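Residue numbers (the numbering used here): 178 to 716.
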């Protein structure tokens, strides 16, 4: 049918939302006496489009309905519908059902001499059983790429390249993953379909793994669609991930770039996930816990309209938000810390709920999920320590952050590894392991300067782990560390309490307090607190 071809053409051009709208509209217009074969063809086309669009429609059900309607229809149409059903079932984590539909499609395709469809089904099979040893999965997917090339099955080739890139990404081989994604994106350009499903996804995910590998300039180049005729949803996805890199660099436009993608969050949950990840990074840089909590709640509200309530990435969002609270805790008055403790508890519970729900559903978390699960506990302990609300022992805190550092080192996500090591280093200083802290900080400092990671460098300054990147200014201007200590002095904390919270010696706190008194012209701590409140230096 003409409409089915139009839908496929729109998909190839990357206009996925329009493809869904056109095909769905035609389905609604079909007369009651339309042939099952025509209805089945349209349903299969709709299911194919729904596979790459977030919608409240159910592509699994649509594909099953198409296969049923084509039971007695043209054999070639039924074979294609079965192959599509197998692909959709595989994407939804139903390997046995996918294999059953795929085997029937394979039998028909071989009987009808449809070599490209045979390759398509075998590509789907290659992506099943991902719990095999990584080297075996790599070999199987590499073979699928070669078979697709030989058969001239362009769609299957792009899909196999994307599957291999995702597999390598999942096992932490970011450099190899980036190369595979690059080849897939280049192949899409060569075929004249750079925005088609899997051609575009190869490009987008290359930007993601380049960021994880610390290649931030390359990532920004990959994610920049300036001058290209990008479909709106594709442009939003690129911008949302670009905002993640900009936020890590402390660029002021990061928040605006992220928010501009909002018009497409109702059809693309991944764009929302990237955008809110960038927004949380901005709020951490600004030490704004209330804005971070609001962003987390909005992210959950937006994304759960498209995905299941306890979607896996919610673990990362919850953990990151707890981290913002922990980073800001040292500058908050006691009543604010008590108020936010309920939020930290809620966020911690949300992260654990994601783990529990996934476990009950039989989902096995890969390296990334495992790393964020460990980090969740470490961030919550950091919050309790920084807020001095049921604080853990230094041994508990150290052990949690050592496990988090090991998990992110295994994953190989360099920006998150650097942030984890920075926080571990502050704990190590607190337990007297100055040499261990110095080793970690040297590595973080080197990477942060190489990436121009302003947000990370500013966190080092706030923690007293890096000299301020600019002069202190006038004699009366407080440094970030002095402002932090002044806030604690204003709360009535002793030098010993301040030193314990900030992982510095009591003597160092005493030196800072003396400088603060001199800069404020105060005769003592009480007068310094009064001056600070009068000038608006503390809350």
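Just so you know, even glycine gets a beta-carbon here, dropped at the ideal spot from N, CA and C. Since we're looking at a predicted model, the values are computed, not measured.
Cβ shell of residue i (< 8 Å), same chain only, five flanking positions each side left out
{"i": "residue 391", "result": "591, 592, 624, 627 and 628"}
{"i": "residue 542", "result": "489, 532, 535 and 550"}
{"i": "residue 655", "result": "663, 693, 696 and 714"}
{"i": "residue 376", "result": "335, 361, 362, 364, 365, 366, 368 and 370"}
{"i": "residue 318", "result": "303, 304, 337, 340, 341 and 344"}
{"i": "residue 647", "result": "In this predicted model, residue 647 has a pLDDT of only 41, less than 50, meaning its place in the structure is not dependable; the value taken from the coordinates is given anyway. Same-chain partners within the cutoff: there are none."}
7 Å CB neighbourhood of residue i in its chain, flanking five on each side removed
{"i": "residue 500", "result": "461 and 556"}
{"i": "residue 296", "result": "324, 325, 328, 330 and 333"}
{"i": "residue 508", "result": "464, 661 and 664"}
{"i": "residue 466", "result": "501, 502, 505 and 517"}
{"i": "residue 355", "result": "383, 386, 387 and 390"}
{"i": "residue 243", "result": "217, 220, 221, 224 and 258"}
{"i": "residue 349", "result": "544, 587, 588 and 589"}
{"i": "residue 267", "result": "275, 301, 304 and 305"}
{"i": "residue 314", "result": "307 and 344"}
{"i": "residue 201", "result": "223"}
{"i": "residue 399", "result": "380, 383, 384 and 387"}
{"i": "residue 734", "result": "As shown, the chain starts at 178 and ends at 716. That puts residue 734 outside it, with no answer to give."}
Residue burial classification, residue i (beta-carbon count within 10 angstroms, cutoff 16)
{"i": "residue 438", "result": "buried"}
{"i": "residue 684", "result": "exposed"}
{"i": "residue 689", "result": "buried"}
{"i": "residue 701", "result": "exposed"}
{"i": "residue 411", "result": "buried"}
{"i": "residue 374", "result": "buried"}
{"i": "residue 309", "result": "exposed"}
{"i": "residue 207", "result": "exposed"}
{"i": "residue 651", "result": "Residue confidence for residue 651 is low, a pLDDT of 44 falling below 50, so the modelled location carries little weight; the figure read from the coordinates is stated next. It counts as exposed."}
{"i": "residue 238", "result": "exposed"}
{"i": "residue 698", "result": "exposed"}
{"i": "residue 609", "result": "exposed"}
{"i": "residue 485", "result": "exposed"}
{"i": "residue 272", "result": "buried"}
{"i": "residue 149", "result": "No answer is possible for residue 149: it lies beyond the span of the chain, which begins at 178 and ends at 716."}
{"i": "residue 611", "result": "exposed"}
{"i": "residue 512", "result": "exposed"}
{"i": "residue 211", "result": "exposed"}
{"i": "residue 707", "result": "exposed"}
{"i": "residue 209", "result": "exposed"}
Integer Cβ distance of residue i from residue j, believed to fall under 8 Å
{"i": "residue 564", "j": "residue 527", "result": "With 8 Å as the limit, residue 564 and residue 527 do not qualify as a contact, their Cβ atoms being about 18 Å apart."}
{"i": "residue 226", "j": "residue 240", "result": "The pair is not a contact, with the Cβ atoms about 11 Å apart (cut-off 8 Å)."}
{"i": "residue 415", "j": "residue 381", "result": "6 Å"}
{"i": "residue 604", "j": "residue 578", "result": "5 Å"}
{"i": "residue 396", "j": "residue 431", "result": "Rounded, the Cβ-Cβ distance is 14 Å, inconsistent with contact."}
{"i": "residue 457", "j": "residue 498", "result": "6 Å"}
{"i": "residue 687", "j": "residue 672", "result": "5 Å"}
Proximity of residue i and residue j at Cβ, strictly below 8 Å
{"i": "residue 406", "j": "residue 385", "result": "no"}
{"i": "residue 388", "j": "residue 422", "result": "yes"}
{"i": "residue 158", "j": "residue 480", "result": "Because the chain is modelled from 178 through 716, residue 158 falls outside the range shown and cannot be assessed."}
{"i": "residue 294", "j": "residue 278", "result": "no"}
{"i": "residue 263", "j": "residue 248", "result": "no"}
{"i": "residue 552", "j": "residue 496", "result": "yes"}
{"i": "residue 245", "j": "residue 218", "result": "no"}
{"i": "residue 420", "j": "residue 445", "result": "no"}
{"i": "residue 566", "j": "residue 529", "result": "no"}
{"i": "residue 614", "j": "residue 606", "result": "yes"}
{"i": "residue 667", "j": "residue 711", "result": "no"}
{"i": "residue 316", "j": "residue 282", "result": "no"}
{"i": "residue 424", "j": "residue 477", "result": "no"}
{"i": "residue 251", "j": "residue 289", "result": "no"}
{"i": "residue 196", "j": "residue 204", "result": "no"}
{"i": "residue 163", "j": "residue 287", "result": "Any property of residue 163 remains undetermined from this structure, which presents the chain solely from 178 to 716."}
{"i": "residue 183", "j": "residue 199", "result": "yes"}
{"i": "residue 599", "j": "residue 636", "result": "yes"}
{"i": "residue 585", "j": "residue 639", "result": "no"}
{"i": "residue 492", "j": "residue 404", "result": "no"}
{"i": "residue 472", "j": "residue 453", "result": "yes"}
{"i": "residue 569", "j": "residue 562", "result": "yes"}
Same chain, Cβ closer than 6 Å to residue i, neighbours up to 5 away in sequence not counted
{"i": "residue 321", "result": "300, 303 and 337"}
{"i": "residue 694", "result": "705"}
{"i": "residue 449", "result": "442, 479 and 480"}
{"i": "residue 358", "result": "342, 379, 382 and 383"}
{"i": "residue 581", "result": "551, 552, 555 and 597"}
{"i": "residue 408", "result": "191, 192 and 372"}
{"i": "residue 483", "result": "231 and 446"}
{"i": "residue 631", "result": "426 and 427"}
{"i": "residue 311", "result": "348"}
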